[in-house]
Structure formats: structure tokens, C-alpha cells
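If you're matching positions, the sequence shown starts at 138 in this note's numbering and goes up one per residue.
Virtual Cβ for every residue (Gly too), placed ideally from N, Cα, C.
Note that this is a predicted model, so its numbers are computed, not measured.
Below is one structure, written out as C-alpha cells, with a few remarks after it.
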Amino acid sequence: MEGQPPEDGASAVHGGRAPTLTRTTRACHPRHGSRRSGRKPLTWRCIVWFAAAMVTGTGPCLGQPPSGGSDGETAWNFVVILCDNLGYGDVGCFGSTRYRTPHLDRMAAEGLRLTHCYSASGVCTPSRAALLTGCYPRRVGLDNPQPDGAVLRPVSHNGLHPEEITIAEVLRGVGYTTTCIGKWHLGDQPAFLPTRQGFDSFFGIPYSDDMTPRPGTNWPPLPLMEGERVVEAPVDRNELTRRYTERAIAFMEANRQRPFFLYLPHAMPGSTTAPFSSGRFRGASGEGPYGDAVLELDWSAGAILDAIRRVGIADHTLVVWTSDNGAPRRNPPQGSNAPLKGWGYSIEEGGMRVPAIVWAPGTIAAGQQCAELCTLMDLLPTFAHLAGAELPADRVIDGHNVWSLWCNPHTERSPYDAFYYYHRDRLRAVRSGPWKLYLAEDEPTAGGGSPQEFAYRPTGLFHLVKDVAEQRNELARRPEVVDRLLGYARRAGQDLGDGARVGANVRPVGWVEHPTPRLVKNPAR
Numbered sequence: 138m139e140g141q142p143p144e145d146g147a148s149a150v151h152g153g154r155a156p157t158l159t160r161t162t163r164a165c166h167p168r169h170g171s172r173r174s175g176r177k178p179l180t181w182r183c184i185v186w187f188a189a190a191m192v193t194g195t196g197p198c199l200g201q202p203p204s205g206g207s208d209g210e211t212a213w214n215f216v217v218i219l220c221d222n223l224g225y226g227d228v229g230c231f232g233s234t235r236y237r238t239p240h241l242d243r244m245a246a247e248g249l250r251l252t253h254c255y256s257a258s259g260v261c262t263p264s265r266a267a268l269l270t271g272c273y274p275r276r277v278g279l280d281n282p283q284p285d286g287a288v289l290r291p292v293s294h295n296g297l298h299p300e301e302i303t304i305a306e307v308l309r310g311v312g313y314t315t316t317c318i319g320k321w322h323l324g325d326q327p328a329f330l331p332t333r334q335g336f337d338s339f340f341g342i343p344y345s346d347d348m349t350p351r352p353g354t355n356w357p358p359l360p361l362m363e364g365e366r367v368v369e370a371p372v373d374r375n376e377l378t379r380r381y382t383e384r385a386i387a388f389m390e391a392n393r394q395r396p397f398f399l400y401l402p403h404a405m406p407g408s409t410t411a412p413f414s415s416g417r418f419r420g421a422s423g424e425g426p427y428g429d430a431v432l433e434l435d436w437s438a439g440a441i442l443d444a445i446r447r448v449g450i451a452d453h454t455l456v457v458w459t460s461d462n463g464a465p466r467r468n469p470p471q472g473s474n475a476p477l478k479g480w481g482y483s484i485e486e487g488g489m490r491v492p493a494i495v496w497a498p499g500t501i502a503a504g505q506q507c508a509e510l511c512t513l514m515d516l517l518p519t520f521a522h523l524a525g526a527e528l529p530a531d532r533v534i535d536g537h538n539v540w541s542l543w544c545n546p547h548t549e550r551s552p553y554d555a556f557y558y559y560h561r562d563r564l565r566a567v568r569s570g571p572w573k574l575y576l577a578e579d580e581p582t583a584g585g586g587s588p589q590e591f592a593y594r595p596t597g598l599f600h601l602v603k604d605v606a607e608q609r610n611e612l613a614r615r616p617e618v619v620d621r622l623l624g625y626a627r628r629a630g631q632d633l634g635d636g637a638r639v640g641a642n643v644r645p646v647g648w649v650e651h652p653t654p655r656l657v658k659n660p661a662r
């Protein structure tokens, strides 16, 4: 944070201005934006930096990462494993003492924990849209689309607009094979399915595991889809994690000789009051259905990493494991976001800060922690950088290339001046550096500047490094911080909008006039 004394903690954002060492470390990595550029020679500065890293143990990425698939060089593979409604405190390496996650704990020991990583929403449809497009959900129209509301429903008019550009489309444009295996939830109509958004193949369910037939709805039996065809309905939800994992491993084995992007959005622990798991794990945790689902998700992550090692692609495969939002409130409680405050579906830290692990053995140093602010919106620009792909130049992308941050978590600083917490279509909080400012729920009034400017009413200010549980309201004691964060809020109001007020740089949601249910086709008819 600009002009703030060191007491504000290690997570202070420096307005995107990196420390002096950035140029030195970047010289060791492939040139951004060129798939044919190859690698820069190791300069004397890099040699000095690596020598210092060996002494201090806090240096940049250990090895020379792949820099694209041309000129005989091996390209990165990318694997994103996304859990559904899994809490920050549900994983051993993030502090859980209740649920056993030995495979994820090993992954963290071999990789990098992101302790200040955010989804862009506290619920699943908007957070998944943000991950794939690198944009705030409001920017792509999936913050609160009507008549659905917070998340898309079965047989919805709405979906991710076909003109949005996803990670899969960016990577497929430079020769990647792409697949989505798991829960989609960005529109169940053919125009919105993964196969229309850059994925060569899709195996999974089109929306949440709890969206099944019930009184007063026209929802079909929960469909399992292969491509754009329903192959089972209703699908056995107990077998989803196992089947997804086996399909993901088969995909990696079949594509070991070519660059690939595997997007594995699990359906579990999911949105039901009793999560599902296969027979091997049912009852195995001693912590009820939720614990069984977590245990199977942990097994799945371990099986994925073991397969990567077995097929010989670990030295050029980057895996990101995370969750779409925090664990929601249940009675009795299931899941935990400790030590964070609040639950999923909210703009409190427990709703939007997610556990995240980055694994790239031999490249990213083992056993590291990054306490800088980053988000799931960063995956698109970071993967594009590593693949030598160009980002779309005709639209705003909110995420950042954080490869240097992942490589140098002790010296680099977050590229975010500010991060915005939207609840549905309303801006409810802003974070900059370690400070988080909550805004009143009432509609912001007109500001004193331009006609488009908002005047927000602050309700709480918290230092998220010194006060991780958001217990000490500093609103009255730090007026200069409040004023600065209000400035960011007004900027967001103009850019993204707020409530009924449309921002200057938002794009439309996808829409079909006559949606139809996804049903098994009977060839005999």
C-alpha cells in the first residue's frame, strides 16, 4: 500500500510496482508473449541471484521452466483442480485438525501454498466464470443474472456469453488439447456448454449436484454429459469423484506427448446437506459424509499427481488445486473456514478466500508460502504467459500474470492495487494491501464529483494480516486508509457498476430465448 509504514505487514500491495530484483529474476524466464522466443541466456545477474538463493533458501523458481512448444522446447501442461464449497480450514496444510488430507499436505510440502488467494465470488457460478475468463463476474454478466439470481439454474436462459474468451480458448489457440471433466455450471444450453467455450471434450454435470427434480420446478434428472450428449440421468452422485479422477488420468496418459489443459471442477463436497462419496470412502473418515467427501477429494488429488509422475511429465506440468468459494453455513456445521471469519456465499473472508496450492516440481521451490493477494482470475494471464499465448486485446481482463509472484513469494508483491468483493450485483467490500473496508448494504448515493460517481458509506475497516478473524474495527482510527479505499470503491462503481447502475466496461451475459432440458435421448423413438 502506497506510503504505508512497514507495520502494515508483508501483504501490502505496492501498486503493481515490483522490487528491484524483478528484472533480474524475469531475465531467467521465457519472454512474455512470444511462443518462438526461446529462453534468454543466463546473465551474470541471474547467476548471482541463484547463488544468493542457495544461501538464503528464498530464491526464485528452481529450474528453467518450459517456454512453449516450438523450436524443440517442451511446453507446459496445465491442470486446475477445483473443489466445490470446500472451506479454507478443511485441509491439513491450511490448519485443519478434523479432516485428513495427506496427499494435499504432501502437495503443499512439495509446492507453494497461497494463503491470501481469492475467488471472485462467494458462490459457484460467478466464481467459475471469473476463473475461466480472468474477469470479475459482474464484468461478464454473471454476477446476478435474472431470473436465476446468484447461480444459474437448470434449463436457464442464461450462460457464459459465447464471445467471452476462456483459458481453454487461449491455450487451444497455441496448440493445446483441452478438456473439462466435472461440474460446469456456466449454462446448460448447447450454446453455453464447455465444447462451445474452447474445450475439445467435456465429461460431467452441467450444474450443481443438488439441482435435482423437486416440487414446483421443471428440472430434469441430474444429467451426466459426454460432450453435448446426456449419457446418464440421473447420474449416481456417489461415483462422480471417482469417475472424474479416472477420466482425468486417462486424458493425461493419452496426451502425454502434447501440451494439454485439464480443468477438473469437482462436484464435491457440493451443495447438499450430506455430500456424496464412493463405497471405498463412505464411512472411512469418521467425520460423517462431509469428511468422507473431503477424504476422497484428497485421494483424487494424490492420484492425479501420482499419474503425472508415472507418465513422466512432472517436470513440465503445473497443477493448481483450490476451491470455488468457502464452506457454507450448515446446521449442524459441516466444513470450516477457520481461522477466517464467516461462511461461503458471503463477502466475509471465509466466503471468498480459498485454500490454494501450486505444484510444479523442479521449478517452483518446495515448501513455500505466498501471503500476497492473488486471485483465481490470475490463472488465465499466467497460463497465457507460460504458454506464449497472447491475451485478448479487445477487452478488459482483471487478472494478472502472477508467475513471478509464485516463483518469488518472499520478494515480489501483489500486482493488485485493490480487490473488489461483490455480493451478487452489489459492491460490498474493498481490499488494498492488508486493509479491507466494508461498505453499507444500502444503495450508494450520488457522489460530489461526476454524475457517474458513487458515494459509499463505510461500516468497518480490518487489517487482515494482524487481525485474520476481522475482530478489531479500525474505521475510526485510520481515516486516511478509509479515504483511499473509498477511492478504489468509486473507481469500481464507475468501471463495473453497482446494483442497477451499469459500469462503463461490462459485457452482456449469454441468453437463449427458448431453453430446453438436457435429457437422455432414446434412439428407439
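Worksheet item: Alpha carbon to alpha carbon, how far is Phe418 from Thr270?
Response: Numbered from 1 along the sequence shown, position 281 holds the residue referred to as residue 418. Numbered from 1 along the sequence shown, position 133 holds the residue referred to as residue 270. If you take the alpha carbons of Phe418 and Thr270, they lie about 34 Å apart.
Worksheet item: Can you tell which of Ala464, Pro371, Arg561 has its C-alpha closest to the C-alpha of Leu477?
Response: In the sequence shown, residue 477 corresponds to position 340, counting from 1. Here the closest residue by C-alpha is Ala464.
Item to complete: Go through its chain and collect everything with a Cβ distance to Arg163's Cβ below 8 Å, but skip five positions before and after it.
Response: Position 26 of the sequence shown holds residue 163. With a pLDDT of only 30 at Arg163, under the threshold of 50, the placement of this residue in the model should not be trusted; the figure read from the coordinates follows. Taken in chain order, the residues that qualify are Ser541.
Worksheet entry | Environment of Val288 [buried if 16+ CB atoms lie within 10 Å] | As a working note, residue 288 is residue 151 in the sequence shown. Label assigned to Val288: buried.
Discussion item. Which residue marks the beginning of the beta strand (DSSP E) containing Gly488, and which one marks its end?
Written reply: Counted from its first residue, the sequence shown places residue 488 at position 351. Segment 486-489 is the alpha helix (DSSP H) holding Gly488; no beta strand (DSSP E) there.
Worksheet item: From Thr519 to Pro352, what distance separates their C-alpha atoms?
Response: By 1-based counting over the sequence shown, the position of residue 519 is 382. By 1-based counting over the sequence shown, the position of residue 352 is 215. Between Thr519 and Pro352, the C-alpha separation is close to 45 Å.
Worksheet item: Is the distance from the Cβ of Arg235 to the Cβ of Gly428 below 9 Å?
Response: By 1-based counting over the sequence shown, the position of residue 235 is 98. By 1-based counting over the sequence shown, the position of residue 428 is 291. For Arg235 and Gly428, yes; Cβs fall inside 9 Å.
Worksheet item: Contact check, Ile450 vs Arg393 under 8 Å by CB: the rounded distance?
Response: Position 313 of the sequence shown, counted from the first residue, corresponds to residue 450. Position 256 of the sequence shown, counted from the first residue, corresponds to residue 393. Correct: roughly 6 Å between the Cβ atoms.
Fill in: Counterpart residues of Val216 in DSSP-defined beta bridges
The residue labelled residue 216 in the question sits at position 79 within the sequence shown. Per DSSP, Leu399, Val456.
Worksheet item: Comparing alpha-carbon positions, which option in Met514, Ala245, Gly232, Val217 lies nearest Ala503?
Response: Numbered from 1 along the sequence shown, position 366 holds the residue referred to as residue 503. Selected option, being the one with the closest Cα: Ala245.
Item to complete: Leaving aside the five residues before and after Val657 along the sequence, list all residues of the same chain whose C-beta is less than 6 Å from its C-beta, in chain order.
Response: Here residue 657 refers to the residue found at position 520 when the sequence shown is read from its first residue. Taken in chain order, the residues that qualify are Val367, Ala370.
Discussion item. Taking its Cβ as the centre, do 16 or more other Cβ atoms sit within 10 Å of Gln471, making it buried, or is it exposed?
Written reply: The count along the sequence shown starts at 1 and reaches residue 471 at position 334. The residue is buried, with at least 16 neighbouring Cβ atoms inside 10 Å.
Fill in: beta strand (DSSP E) runs contained entirely in the segment 545-627, provided each spans 3 or more residues
556-560, 563-569, 572-576, 595-600
Worksheet item: Taking the Cβ atom as the reference point for each residue, do Ser414 and Asn375 lie within a distance shorter than 9 Å?
Response: For this step, residue 414 is matched to residue 277 along the sequence shown. For this step, residue 375 is matched to residue 238 along the sequence shown. It is a contact, given that the beta carbons lie within the stated cut-off.
Worksheet entry | Assumed close pair Gln505, Leu249 - CB separation to whole angstroms, cut-off 8 Å | For this step, residue 505 is matched to residue 368 along the sequence shown. For this step, residue 249 is matched to residue 112 along the sequence shown. Going by Cβ atoms, the distance from Gln505 to Leu249 rounds to 5 Å, so yes, they are a contact pair.
Worksheet item: Just to confirm, are Ala606 and Pro595 a CB contact at a threshold of 9 Å?
Response: Residue numbering aside, residue 606 sits at position 469 when the sequence shown is read from its first letter. Residue numbering aside, residue 595 sits at position 458 when the sequence shown is read from its first letter. Not closer than 9 Å, so no.
Practice prompt. Report the residue from Glu390, Pro343, Pro546, Gly525 whose alpha carbon sits nearest the alpha carbon of Cys254.
Written response: If you number the sequence shown from 1, residue 254 lands on position 117. When each option's Cα is compared against that of Cys254, the closest is Pro546.
Worksheet item: Leaving out five residues before and five after Ile302 in sequence, what residues of the same chain have Cβ atoms less than 6 Å from its Cβ?
Response: Here residue 302 corresponds to residue number 165 of the sequence shown, with the count starting at 1. The residues are Pro529.
Discussion item. Excluding the 5 residues flanking Asp562 on each side, which residues of the same chain have their C-beta closer than 7 Å to its C-beta?
Written reply: In the sequence shown, counting from the first residue as 1, residue 562 sits at position 425. So the qualifying residues of the chain are Arg275, Asp280, Asn281, Gly636.
Worksheet item: Thr314 lies in the beta strand (DSSP E); which residues open and close that run?
Response: Stepping through the sequence shown from its first residue, residue 314 is reached at position 177. Here the beta strand (DSSP E) through Thr314 covers 314-318.
Item to complete: Indicate the three-state DSSP secondary structure (helix, strand or coil) for Tyr255 in the structure shown.
Response: The residue given as residue 255 occupies position 118 in the sequence shown. Strand, per DSSP.
Fill in: Strand pairing of Ile494, partner residues [DSSP]
Along the sequence shown, read from residue 1 onward, the residue named residue 494 stands at position 357. DSSP output for Ile494 lists Arg250, Trp458 as bridge partner(s).
Worksheet item: From which residue to which residue does the beta strand (DSSP E) around Arg447 run?
Response: Counted from its first residue, the sequence shown places residue 447 at position 310. Arg447 -> not in any beta strand (DSSP E); alpha helix (DSSP H) instead, spanning 425-447.
Discussion item. Can you confirm whether the segment 341-356 touches the segment 554-572 when touching is taken to mean that 3 or more C-beta pairs between the two stretches lie within less than 8 Å?
Written reply: no
Worksheet item: In the DSSP assignment, what are the bridge partners of Glu369?
Response: For this step, residue 369 is matched to residue 232 along the sequence shown. Answer by DSSP bridge pairing, in chain order: Leu361.
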